[in-house]
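J.: Next up is a structure, given as structure tokens.
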Amino acid sequence: MTVDDTTALAAPGNGRTVCVTGAGGFIASWLVKLLLERGYTVKGTTAAEQAAWDAARERGLELAVVNPVLVLGPLLQPGINASTAHVLKYLDGSARTFANAVQAYVHVRDVADAHLRVYESPAASGRCSDEINPRKQPYKFSNQRLKDLGLEFTPAMQCLYETVKSLQEKGHLMVMNL
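Counting along the sequence shown from 1, when you hit position 118 you're at 118 in UniProt numbering, and nothing is skipped either side.
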């Protein structure tokens with residue numbers, strides 16, 4: 001996410017324009033919704049993350065990137081994405097076995113909220129990345145910086161419930177009447 005006015009503090013809205021990369025995607029569509037609700041003007045692109053980094057560097061803009069775990073929750077778009085397909089395969093019977101693994105989930109609204117909080121807070125500057133030590137099992141991570149920004153995460157049960165309900169409402173999962 002980049003902003004076209006680098007001299008202004010990242011205060012909510014005020015009609016300032018924010019560019020959201022991948023604006024038609026699962027997470028970005030929720031981010032666009034939150035930004036509009038907070039009074040921002042939103043421009044959307046479908047540029048890849050690296051292209052966004054390059055463009056921000058060229059223009060001297062701040063860029064914040066949040067890379068979440070498996071993202072679930074209600075769909076704003078009509079189609080299924082990789083995250084909801086992960087849940088759907090267990091509900092529609094296409095998955096014959098269950099993986100014996102641990103999976104971290106996050107609600108799509110929480111991810112959009114995290115993007116917005118990182119964008120609006122100078123305290124979120126700096127990057128957390130572990131490119132030196134690639135992922136190993138198990139991998140410990142912390143969401144403390146987001147909690148410090150005031151983000152309260154949606155419980156996994158609520159996240160899964162809203163995902164299933166959305167899949168039913170969009171016609172991707174049959175509703176069983178008992």
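For each residue, glycine too, the CB sits at the ideal point set by N, CA and C.
1. Answer with buried or exposed for Tyr40, where buried requires no fewer than 16 other C-beta atoms within 10 angstroms of its C-beta.
2. To the nearest whole angstrom, what separates the beta carbons of Arg96 and Trp30, a pair I think is in contact under 8 Å?
3. How would you call Arg59, buried or exposed, if buried means at least 16 neighbouring beta carbons within 10 angstroms?
4. Where in the UniProt domain "NAD-dependent epimerase/dehydratase" (47 to 125) do unbroken runs of the alpha helix (DSSP H), each at least 4 residues long, occur, reported from the N-terminal end onward?
5. Around the C-beta of Leu36, are 16 or more other C-beta atoms found within 10 angstroms, so that it is buried, or is it exposed?
6. Would you mind reading off the limits of the alpha helix (DSSP H) that contains Thr163?
7. For Gly25 and Gln144, what's the separation of their Cα atoms in angstroms?
8. Considering only DSSP beta bridges, list what Val20 is partnered with.
9. Under 8 Å, do Leu160 and Leu70 count as touching if we go by C-beta distance?
10. Assuming Leu151 and Ala114 are in contact, meaning their beta carbons sit under 8 Å apart, how far apart are those beta carbons, in whole angstroms?
11. Determine the DSSP secondary structure at Val32, reduced to helix, strand or coil.
12. Please report the straight-line C-alpha distance between Phe98 and Glu62, rounded to a whole angstrom.
13. Quick one: any contact between the stretch 160 to 176 and the stretch 115 to 124, if contact means 3 or more CB pairs under 8 Å?
14. What is the residue span of the alpha helix (DSSP H) that Leu146 lies within?
15. Return helix, strand or coil for Phe26, following the three-state DSSP convention.
16. When you compare the CB positions of Ala156 and Tyr105, do they come within less than 8 Å of one another, or not?
T.: On the basis of the data shown:
1. Stepping through the sequence shown from its first residue, residue 40 is reached at position 40. So Tyr40 ends up on the buried side.
2. Position 96 of the sequence shown, counting from 1, holds the residue named residue 96. Position 30 of the sequence shown, counting from 1, holds the residue named residue 30. Incorrect: roughly 32 Å between the Cβ atoms, too far for contact.
3. Along the sequence shown, read from residue 1 onward, the residue named residue 59 stands at position 59. Burial call: exposed.
4. Secondary structure in the UniProt domain "NAD-dependent epimerase/dehydratase" (47 to 125): the alpha helix (DSSP H) runs of 4 residues or longer, each lying completely within the stretch, are 49 to 59, 82 to 91 and 108 to 120 in chain order.
5. Locating residue 36 in the sequence shown gives position 36, where the first residue counts as 1. The residue is exposed, with fewer than 16 neighbouring Cβ atoms inside 10 Å.
6. On the sequence shown, residue 163 is found 163 positions in, with the first residue counted as 1. First-last of the alpha helix (DSSP H) with Thr163: Ala156 to Glu169.
7. As a first step, residue 25 is located in the sequence shown; it is residue number 25 there, counting from the start. As a first step, residue 144 is located in the sequence shown; it is residue number 144 there, counting from the start. About 26 Å.
8. Taking the first residue of the sequence shown as 1, we reach residue 20 at position 20. For Val20, which the question treats as bridged, DSSP gives the partners Gly44.
9. Counted from its first residue, the sequence shown places residue 160 at position 160. Counted from its first residue, the sequence shown places residue 70 at position 70. Their beta carbons are not under 8 Å apart, which means Leu160 does not touch Leu70 by this criterion.
10. Stepping through the sequence shown from its first residue, residue 151 is reached at position 151. Stepping through the sequence shown from its first residue, residue 114 is reached at position 114. Right, the Cβ-Cβ distance comes to about 6 Å (below 8 Å), so this counts as a contact.
11. Along the sequence shown, read from residue 1 onward, the residue named residue 32 stands at position 32. Looking at Val32 - three-state DSSP - the assignment turns out to be helix.
12. As a position in the sequence shown, residue 98 is number 98, starting the count at 1. As a position in the sequence shown, residue 62 is number 62, starting the count at 1. Distance between the alpha carbons of Phe98 and Glu62 is about 42 Å.
13. Put simply, the stretch 160 to 176 does not touch the stretch 115 to 124. Fewer than three CB pairs are less than 8 Å apart.
14. Position 146 of the sequence shown, counted from the start, is the residue given in the question as residue 146. Per DSSP, Leu146 belongs to the alpha helix (DSSP H) from Gln144 to Asp148.
15. In the sequence shown, the residue the question calls residue 26 occupies position 26. Here Phe26 sits in helix by DSSP.
16. Your numbering for residue 156 matches position 156 in the sequence shown. Your numbering for residue 105 matches position 105 in the sequence shown. It is a contact, given that the beta carbons lie within the stated cut-off.
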